[in-house]
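In full-length UniProt numbering, the protein residues as written are 1 to 358.
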């Protein structure tokens with residue numbers, strides 16, 4: 001079994017294990033609420049009730065509060081102290097059981113792979129919901145060491161052992177390993193400014209939300225077309241049982257064909273359901289652009305990543321008011337993609353979670 005197969009088998013085993021649990025996704029705001037409730041800093045009835053219901057659901061095996069790469073990155077922005085980053089990591093470990101969604105690029109690849117094989121037909125596929133989960137140490141992607149000069153079987157054994165060590169690492173242990181070291185700049189500040197400048201330049205060209213969504217969809221498909229072309233090449237190699245070479249020109253042609261095919265496929269509602277991360281991301285960006293008085297803020301990009309993760313693969317999404325309103329607008333209607341319920345009021349969220357325990 002290769003290291004890739006080993007990692008995949010661990011993910012499938014995990015996905016099947018947590019399948020019966022309802023997934024409740026908390027954004028950074030709600031994780032801070034739960035941290036402060038756990039530390040006794042936040043003593044209001046609603047916060048304490050939500051924490052108690054979530055703890056009960058996790059303990060009894062009916063609930064899970066997974067995180068995403070976006071939440072991990074937001075966590076690492078918090079000051080390194082028991083009442084901030086360390087405290088947040090501890091309550092995340094308790095309620096997430098150290099489980100999160102695979103990183104967004106791999107989510108996209110998995111959705112496209114599933115889309116292509118469903119279109120081909122005659123192939124029994126794993127439920128896509130079983131393929132999306134990993135442990136927190138792999139939430140930015142698996143780390144696989146390479147050992148030049150070692151025998152291949154020895155290198156593989158070390159890779160598997162290293163992966164399994166990380167697989168069992170808690171988020172709090174990871175936080176302690178990083179300590180108080182800076183975890184990188186906020187790259188979204190410049191991106192938000194550039195996006196706002198471009199939106200201001202072209203806002204007069206937007207005549208409807210549908211047109212705005214179409215523009216954002218085409219932008220998303222630029223990347224998705226490349227991923228699709230590479231997956232199709234991989235599938236062709238598997239079918240031929242040998243390596244197939246291609247020139248840069250041949251790959252470019254394949255990418256363009258895949259982009260056109262994906263764009264046409266999005267005319268069908270089923271495509272939006274399978275390639276849900278593309279659809280949800282495009283819808284969110286379009287909704288902001290269509291509200292011509294609103295500008296992108298750096299934190300919007302984290303919020304959108306939270307929304308894509310939650311609305312795609314979780315049963316409930318606890319978030320801030322403006323994002324709650326955005327995803328429930330009639331022209332986005334993003335709750336319908338996966339049946340994910342969205343809440344921004346902590347008391348209403350606590351009442352909903354309590355109903356899941358009955």
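Every residue, glycine too, gets a C-beta built ideally from N, C-alpha and C.
Since the model is a prediction, treat every value here as computed from it, not as a measurement.
Ignore the nearest five residues each way along the sequence and tell me which others in residue i's own chain have a CB closer than 6 Å to its CB.
i	result
residue 324	342 and 344
residue 30	318
residue 90	172
residue 39	87
In the DSSP output, what is residue i paired with across the bridge?
i	result
residue 290	Answer is none; residue 290 lacks a bridge partner.
residue 26	318
residue 134	100
residue 342	317
residue 64	23
Using 7 Å as the cut-off, classify the Cβ of residue i as near or not near the heavy atoms of the ligand PLP, replying yes or no.
i	result
residue 103	In the structure on display, the ligand PLP does not appear, and there are no ligands present to speak of.
Return the residue from the list the options that minimises the CA-CA distance to residue i.
i	options	result
residue 19	92, 133, 270 and 251	133
residue 148	156, 142 and 207	156
residue 254	263, 317 and 226	226
residue 139	167, 203 and 287	167
residue 105	82, 68 and 88	68
residue 232	257, 321 and 213	257
residue 296	206, 199, 99 and 340	199
residue 103	64, 244, 70 and 267	70
residue 207	230, 188, 76 and 292	292
residue 337	212, 120 and 272	272
residue 10	176, 164, 327 and 265	164
residue 26	214, 349 and 236	349
residue 322	79, 307 and 238	307
residue 5	119, 204, 22 and 160	160
residue 330	314, 125 and 210	210
Buried or exposed for residue i, going by 16 or more other Cβ atoms inside 10 Å?
i	result
residue 217	buried
residue 319	buried
residue 135	buried
residue 43	exposed
residue 142	buried
residue 97	buried
residue 57	buried
residue 246	exposed
residue 82	exposed
residue 74	buried
residue 34	buried
Near residue i, which residues of its chain fall below 8 Å by C-beta distance, leaving aside the five closest residues on each side in sequence?
i	result
residue 304	281, 284 and 285
residue 158	145, 147 and 150
residue 17	none
residue 54	24, 34, 63, 65, 95 and 353
If contacts are defined as beta-carbon pairs under 8 Å, then residue i and residue j qualify, I think. What distance do you get, rounded to the angstrom?
i	j	result
residue 309	residue 131	Not quite, the Cβ-Cβ distance comes to about 14 Å (not below 8 Å), so this is no contact.
residue 24	residue 316	5 Å
residue 110	residue 128	7 Å
residue 362	residue 356	Residue 362 lies beyond the residue range present for the chain, which begins at 1 and ends at 358; the question has no answer from this structure.
residue 92	residue 14	Not quite, the Cβ-Cβ distance comes to about 17 Å (not below 8 Å), so this is no contact.
residue 277	residue 108	6 Å
residue 326	residue 287	5 Å
In chain order, what residues of the same chain have a beta carbon less than 7 Å from the beta carbon of residue i, not counting five sequence neighbours either side?
i	result
residue 265	271
residue 236	244
residue 79	85
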